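S.K.: The following block contains the structure, expressed as structure tokens.
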Amino acid sequence: MRRLVNTKGGRTIQNQGKIRSGGWKSRWVLSDWKRNEGKAGTFKHTAGKWPGDPDNKGIQTYNDAKHYAISAKIQEFSNKNRTLVVQYSVKIEQDIECGGAYIKLLSGYVNQKQFGGDTPYSLMFGPDICGTQTKKLHVILSYQGQNYPIKKDLQCETDKLNHFYTFILRPDASYSVLVDNKEREFGSMYTDWDILPPRKIKVKNAKKPVDWDDREYIDDPDDVKPEGYDSIPREIRDQKAEEPEDWDEEENGPWEAPKIPNPAYKEFEGDPDLYVLKPIKYIGIEVWQVKAGSIFDNILITDDPQYARAMVDDYFEQHREESRKAREEGERRRKERDHRYGDRRRRYKRPNPRDYMDDYHVSGVFYLIHERYLIAVKMVKTYMCLIFV
Numbered sequence: 001m002r003r004l005v006n007t008k009g010g011r012t013i014q015n016q017g018k019i020r021s022g023g024w025k026s027r028w029v030l031s032d033w034k035r036n037e038g039k040a041g042t043f044k045h046t047a048g049k050w051p052g053d054p055d056n057k058g059i060q061t062y063n064d065a066k067h068y069a070i071s072a073k074i075q076e077f078s079n080k081n082r083t084l085v086v087q088y089s090v091k092i093e094q095d096i097e098c099g100g101a102y103i104k105l106l107s108g109y110v111n112q113k114q115f116g117g118d119t120p121y122s123l124m125f126g127p128d129i130c131g132t133q134t135k136k137l138h139v140i141l142s143y144q145g146q147n148y149p150i151k152k153d154l155q156c157e158t159d160k161l162n163h164f165y166t167f168i169l170r171p172d173a174s175y176s177v178l179v180d181n182k183e184r185e186f187g188s189m190y191t192d193w194d195i196l197p198p199r200k201i202k203v204k205n206a207k208k209p210v211d212w213d214d215r216e217y218i219d220d221p222d223d224v225k226p227e228g229y230d231s232i233p234r235e236i237r238d239q240k241a242e243e244p245e246d247w248d249e250e251e252n253g254p255w256e257a258p259k260i261p262n263p264a265y266k267e268f269e270g271d272p273d274l275y276v277l278k279p280i281k282y283i284g285i286e287v288w289q290v291k292a293g294s295i296f297d298n299i300l301i302t303d304d305p306q307y308a309r310a311m312v313d314d315y316f317e318q319h320r321e322e323s324r325k326a327r328e329e330g331e332r333r334r335k336e337r338d339h340r341y342g343d344r345r346r347r348y349k350r351p352n353p354r355d356y357m358d359d360y361h362v363s364g365v366f367y368l369i370h371e372r373y374l375i376a377v378k379m380v381k382t383y384m385c386l387i388f389v
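FYI, the numbering for the sequence shown is 1 to 389, going by UniProt numbering.
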């Protein structure tokens, strides 16, 4: 991946593009977490199966049943007063059985050689699969040192093709989740995460306090009715018009004092900076997989959703159809191979002695079998006689 910071047109882009072969290991730090226990996996730079374009490479988990932890430092990125867009691609081309394929955004100082499952993060985003039931798309946000998962049930892709996952968080605390530029979910941090206390809760046997005041507005006690207010009409007579016969001078109704905010009113208080993450300084991949083989690539952090969308469209225009055809061809060859081996197994029969022995050897084998049969019968008879005696 090349590190890029672009501020043209007010747009900021971080770590945009391919994870390229030239020096990627110098930019990404492989953690030693779990290595002394023999549980740490490694990454390789590859296009994987069915690449379409052999040069379209990313970093792939390489060892089965291992923990993976790798990170890259970026120029500090803050989403204060601007939109945050996090996007990356992952191809889970293996039968993963159980494991994650998500990324993490890290804040503050991180010892990259010790980066692991306990390292605090600001955002965790991406697929997590286990068996046939769990196909979750995580969106976990950190707020005041605690992690909060999204309450909605988001599903990830499992078709072994490359997919782009995009998370957009806006200054009004609204968000969108996209898969391959198609919106899967949208909403608000105030409603879709249990970060802040709910606006209303039901409490069994609860009673309203004696001093509780739920009037949002009250009459201003310092306000005085203007002198002559009741005699001031809302409308004045049009000199050019004649007064209607049913005209009522008291039509304006009784006087009401203007409203002011009630200082005793209690209501839900939100956090205007709820959407603000701690400044992002690192991108991390920290997962565990039963079966390895997931390829991570095209990681992007920006404040420009349109730029992120164009990046996905450009990729699909160049590579998606090629990858799909390559995968279909690979599956076709695999099925042919399995079918061919299956035919061999079906054609296989237990060897017949007559196929590789002459009549002499066949008769000899049958003679030995007959002799063993007679010995066995004799032993059974002797055993039965002993029992009866």
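Glycine is no exception: its CB is placed at the ideal position from the N, C-alpha and C atoms.
Quantities reported herein were computed from a predicted structural model and do not represent experimental measurements.
At 3 residues or longer, and completely inside the region 119 to 147: list those beta strand (DSSP E) runs for me, N to C.
M.R.: The region 119 to 147 contains these whole beta strand (DSSP E) runs: 123 to 130, 134 to 143.
S.K.: For VAL362, does the three-state DSSP call read helix, strand or coil?
M.R.: Low per-residue confidence applies at VAL362: pLDDT is 44, beneath 50, and the placement is therefore not dependable enough to give any value.
S.K.: Just to confirm the assignment, what range does the beta strand (DSSP E) spanning VAL85 have?
M.R.: It spans 84 to 92 - the beta strand (DSSP E) in which VAL85 sits, taken as one unbroken run.
S.K.: Pull up the distance between the alpha-carbon of TRP24 and that of PRO197, whole angstroms please.
M.R.: Cα to Cα, TRP24 sits roughly 44 Å from PRO197.
S.K.: For my contact list, GLY126 and ILE103 are in at a C-beta cut-off of 8 Å; report their separation, rounded to the angstrom.
M.R.: Correct: roughly 6 Å between the Cβ atoms.
S.K.: Would you identify the three-state DSSP class for ALA40, choosing helix, strand or coil?
M.R.: DSSP places ALA40 in strand when its eight states are reduced to three.
S.K.: Considering Cα atoms alone, identify which of ILE283, ASP192, LYS160 is closest to ILE96.
M.R.: When only C-alpha atoms are compared, the closest one is LYS160.
S.K.: Taking C-alpha atoms, which residue in GLU286, ARG82, LYS225 lies nearest to GLN60?
M.R.: With distances taken between Cα atoms, GLN60 lies closest to GLU286.
S.K.: If we count Cβ pairs, one from each stretch, closer than 8 Å, do we get three or more for the region 70 to 89 versus the region 277 to 297?
M.R.: In short, these stretches touch, since the Cβ pair count reaches three.
S.K.: How far does the beta strand (DSSP E) with LYS80 in it reach, from first residue to last?
M.R.: Taken as a continuous stretch (DSSP letters only), LYS80 belongs to no beta strand (DSSP E), as it is neither H nor E.
S.K.: Which residue marks the beginning of the beta strand (DSSP E) containing SER26, and which one marks its end?
M.R.: Note, SER26: premise wrong, no beta strand (DSSP E); alpha helix (DSSP H) at 24 to 27.
S.K.: Do you know whose CA, among ARG337, ASP32, LYS57, lies nearest PHE296's CA?
M.R.: Considering only alpha carbons, the answer is LYS57.
S.K.: Determine which residues share a DSSP beta bridge with PRO149 and list them.
M.R.: PRO149 is bridged to ILE140.
S.K.: Taking the alpha-carbon positions, what's the SER107 to ASP118 distance?
M.R.: Roughly 14 Å separates the two Cα atoms.
S.K.: Identify every residue that forms a DSSP beta bridge with HIS67.
M.R.: Paired residue(s): ALA40, TRP288.
S.K.: So, with DSSP's three-state summary, where would you put VAL177?
M.R.: VAL177 falls in the strand class under three-state DSSP.
S.K.: Have a look at THR134, VAL139, LEU137, ILE195 and flag the residue whose alpha-carbon is nearest the alpha-carbon of GLY145.
M.R.: Closest option to GLY145, Cα to Cα, is ILE195.
S.K.: Is DSSP giving ILE59 helix, strand or coil here?
M.R.: In the structure shown, ILE59 sits in a strand (DSSP, three-state: E or B).
S.K.: By how many angstroms is the C-alpha of ILE168 removed from the C-alpha of LEU300?
M.R.: One C-alpha to the other measures close to 12 Å.
S.K.: If distances are taken between C-alpha atoms only, which option among HIS339, SER122, GLY100 comes closest to VAL110?
M.R.: The candidate whose alpha carbon is nearest that of VAL110 is SER122.
S.K.: Give the single residue among THR166, GLN94, LYS66 whose Cα lies nearest to the Cα of GLN306.
M.R.: Ranking THR166, GLN94, LYS66 by Cα distance to GLN306 puts THR166 first.
S.K.: Bridge partners for ASP297 per DSSP, in chain order?
M.R.: Answer by DSSP bridge pairing, in chain order: SER89.
S.K.: May I ask you to verify whether the region 181 to 189 touches the region 327 to 334, counting CB pairs closer than 8 Å and requiring at least 3?
M.R.: The answer is no - the region 327 to 334 does not touch the region 181 to 189, with fewer than three Cβ pairs under 8 Å.
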